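Peer 1: The sequence shown maps to residues 0 to 157 in numbering that gives the first Met the number 0. The beta-carbon is built from N, C-alpha and C at its ideal position, and this holds for glycine as well. Keep in mind it's a predicted model, so treat the numbers as computed, not measured.
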Amino acid sequence: MMYVWMTLFAAGIVAVDQWTKFLTVANIELFQDVPFINGLFHFTYVQNTGAAFSSFEGAQWLFALIFLVFTVAIIYDIWKKVMPFTDLERWFVAAIYGGGLANMIDRLRLGYVVDMVKVEFINFPVFNVADCFITCGCILLLAHLLLVNKDFWKDGKK
Numbered sequence: 000m001m002y003v004w005m006t007l008f009a010a011g012i013v014a015v016d017q018w019t020k021f022l023t024v025a026n027i028e029l030f031q032d033v034p035f036i037n038g039l040f041h042f043t044y045v046q047n048t049g050a051a052f053s054s055f056e057g058a059q060w061l062f063a064l065i066f067l068v069f070t071v072a073i074i075y076d077i078w079k080k081v082m083p084f085t086d087l088e089r090w091f092v093a094a095i096y097g098g099g100l101a102n103m104i105d106r107l108r109l110g111y112v113v114d115m116v117k118v119e120f121i122n123f124p125v126f127n128v129a130d131c132f133i134t135c136g137c138i139l140l141l142a143h144l145l146l147v148n149k150d151f152w153k154d155g156k157k
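1) Would D105 and V112 qualify as a contact pair, given that the criterion is a beta-carbon distance under 9 Å?
2) Out of V3, F8, Y2, point me to the one whose CA is closest to F132's CA.
3) Run the CB neighbour count on G97, radius 10 Å, all protein chains shown included, and call it buried at 16 or more, exposed below.
4) Which one of I73, R108, V81 has the shortest CA to CA distance from F91?
5) What is the DSSP secondary structure of N47, reduced to helix, strand or coil?
6) Leaving out five residues before and five after E119 in sequence, what residues of the same chain have Cβ atoms less than 8 Å from its Cβ?
7) Taking DSSP as the reference, what is the three-state secondary structure of L0?
8) Can you grab the Cα-Cα spacing for the pair V168 / D150, in whole Å?
9) Just the C-alpha distance for K153 and C137, rounded to the nearest angstrom, thanks.
10) Mind pulling the alpha helix (DSSP H) runs of 4 or more residues that sit fully within the region 5-44?
11) Going along the chain, which residues of its own chain have a beta-carbon closer than 8 Å to the beta-carbon of L61, five neighbours each way excluded?
12) Please classify M115: does DSSP put it in a helix, a strand, or coil?
13) DSSP puts F126 in a beta bridge; with which residues?
14) Anyone know if the C-beta pair for K20 and N148 falls short of 9 Å?
15) Counting along the chain, where does the alpha helix (DSSP H) carrying G98 start and finish?
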C-alpha cells in the first residue's frame, strides 16, 4: 500500500510542476523577468535544453536514457527489495522520481524543460518545481544514508 501512496506523491509532484510550467508559458514572455520578492527571487521564463548550468545541452537522448535506467532500477528494487532503504528513504526516491518524470515529460513533449524561478541573492541557474524536488530529495536521501541509515554502506548482509 505504501507504494500506491508514493506513486500518488510522485504524480502530485508531476501535476504541480506541469501546472506551474503551464502558468509560466501562458503569462510570461520568453526571457521576461517578473519580480516576485525583490532581493529573493523573480519569475523568468527560460527554455532549458540541457541540465543545470546548461550542461549537456541538446543531449535529450542522454536524459531519456538516464531516466529509463532509473525507472527500471526502481521497479526492480520494488520487486526484489535489493536496496536496503528505509521507508523514509523510499519517499525521498519518490520525490526524485516525480521531479525527473515531470522534466522528462517536458523534454519529450517540447524538446526542452520550462524553467521559471530565478534567485536573486546568488548566481544560480533558473530552475523549476521539479528541480526543487529532485535536489531536495537527493540531499535528504544522502543525508539520511550518511547520518541515520549507516547500515546501507556495509558490504555484506548478515
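Peer 2: A quick look at the data gives this:
1) Cβ atoms of D105 and V112: closer than 9 Å.
2) With respect to the C-alpha of F132, the residue from V3, F8, Y2 having the closest C-alpha is F8.
3) For G97, the number of other beta carbons within 10 angstroms of its own is at least 16, and it is reported as buried.
4) Selection I73, R108, V81 evaluated against F91 yields I73 as nearest (Cα-Cα).
5) Of the three classes helix, strand and coil, the one that applies to N47 here is strand, per DSSP.
6) In its chain, beyond the 5 residues on either side, N37, G38, L39, F40, H41 have a beta carbon closer than 8 Å to the beta carbon of E119.
7) Sequence check: residue 0 is Met here, not Leu. If DSSP states are grouped into helix, strand and coil, M0 belongs with coil.
8) The chain is shown only over 0 to 157; residue 168 falls outside these bounds and no answer can be derived.
9) The alpha-carbon atoms of K153 and C137 are separated by roughly 20 Å.
10) DSSP runs (the alpha helix (DSSP H)) wholly in the region 5-44: none.
11) Sequence-distant Cβ neighbours of L61 in its own chain, meaning closer than 8 Å and more than five residues away, are F55.
12) Residue state, collapsed to three classes: strand.
13) Among the bridge pairs identified by DSSP, F126 is matched with V116.
14) At a Cβ-Cβ threshold of 9 Å, K20 and N148 do not count as neighbours.
15) It spans 86-109 - the alpha helix (DSSP H) in which G98 sits, taken as one unbroken run.
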